[in-house]
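What follows is a short report on a single structure.
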Amino acid sequence: MTNKTMGEPVHLALPEGWPVPHPGCKVCGALAAERERAQASGDLSKVSDCNVEIREHKDAHPRRQR
Ligand SMILES: [Zn+2]
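Per our numbering, residue 45 is the first one in the sequence shown, and the count goes up by one each step.
Structure below.
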């Protein structure tokens with residue numbers, strides 16, 4: 045039996061410690077795209093900058109009530 049989870053967004057395999065951008069947030073999405081570009085070009089200090097920004101931006105998101 046294959047264990048495929050349908051209906052869930054496909055997660056790119058992020059390296060450990062990388063914050064996940066908030067879904068639906070344009071700022072996070074832009075930061076994540078920039079982070080990927082920085083990683084592709086080997087600019088690790090920029091990658092870490094983007095990680096910090098994504099992590100800190102998380103706090104700016106409205107919390108969902110359950
Ligand atoms: Zn955000």
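Just so it is clear, CB atoms sit at the ideal spot from N, CA and C, and this is done for glycine as well.
Small disclaimer: the values here were computed from a predicted structure and weren't measured.
Minimum C-alpha distance to H101 - residue among K70, G61 and L58: To locate residue 101, count along the sequence shown from 1; it is residue 57. Minimum Cα distance to H101 is reached at K70.
Any non-hydrogen atom of ligand 1 within 7 Å of V71 CB: Residue 71 sits at position 27 when you count from the first residue of the sequence shown. Correct: V71 has its Cβ closer than 7 Å to ligand 1.
R79 vs V91 beta-carbon contact at 8 Å: Position 35 of the sequence shown, counted from the start, is the residue given in the question as residue 79. Position 47 of the sequence shown, counted from the start, is the residue given in the question as residue 91. Taking 8 Å as the Cβ cut-off, R79 and V91 qualify as a contacting pair.
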